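Read the structure below first, then the notes.
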Amino acid sequence: MNSLIIPMAAHIALTSFLYVLLTIARAPKVWGIYKNPDGTNPWAAVEPRISANLSNQFEWPVFFYAACLLLIHSPSALNAATWLAWIFIAGRVAHSCVQILTTNVRLRGLVFTINFLATLGLWTVAVLTFQSIKTA
Numbered sequence: 000m001n002s003l004i005i006p007m008a009a010h011i012a013l014t015s016f017l018y019v020l021l022t023i024a025r026a027p028k029v030w031g032i033y034k035n036p037d038g039t040n041p042w043a044a045v046e047p048r049i050s051a052n053l054s055n056q057f058e059w060p061v062f063f064y065a066a067c068l069l070l071i072h073s074p075s076a077l078n079a080a081t082w083l084a085w086i087f088i089a090g091r092v093a094h095s096c097v098q099i100l101t102t103n104v105r106l107r108g109l110v111f112t113i114n115f116l117a118t119l120g121l122w123t124v125a126v127l128t129f130q131s132i133k134t135a
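Straight run, no breaks: the sequence shown in numbering that gives the first Met the number 0 ends on number 135.
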């Protein structure tokens, strides 16, 4: 199995987990279950942050997937690409935790930088790999 498949699957798992979390957070409003004794939604404050984070999983990660798909059949670049892919996943998990559990926008921006740089690194590896193939 190609070593880039596992980090890609890990991102799918993270996104799936966020869908489950959002479903639970919306359960009091949608299904009327898991309400506080006074009838309020215990997830009301965090539900919009979960929703926003889930939307984020379909923005910058698109570039991650595109780079991984380009590199998946490039054995010469696979080691560096795999490391960068796992850094991206660690950054995505950290970004999700910060966005959902805090309101610290500055910290969220700093954590996002991990994802941003890892993806730029993947694209750099892809460009260099395919440039060397073209000139060979």
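Note that the Cβ used here is the ideal one computed from N, Cα and C, for glycine as well.
Every value quoted in this text rests on a predicted model; they were computed, and no experiment measured them.
Within its own chain, the residues whose Cβ lies closer than 7 Å to the Cβ of ALA117, once the five positions on either side in sequence are excluded, are LEU83, ILE86, PHE87, GLY90, listed in chain order. Under the Cβ criterion (8 Å, minimum of three pairs), the stretch 100 to 108 does not count as touching the stretch 22 to 35. Counting C-beta pairs closer than 8 Å gives fewer than three between the stretch 35 to 53 and the stretch 61 to 81, which falls short of the contact rule. Per DSSP, TYR18 is one residue of the alpha helix (DSSP H) stretching across 4 to 29. By the C-beta density criterion, PHE16 is exposed, having fewer than 16 other C-beta atoms within 10 angstroms. For the pair ALA66 and LEU121, the CB atoms are nearer than the 9 Å cut-off. For LEU119, the number of other beta carbons within 10 angstroms of its own is below 16, and it is reported as exposed.
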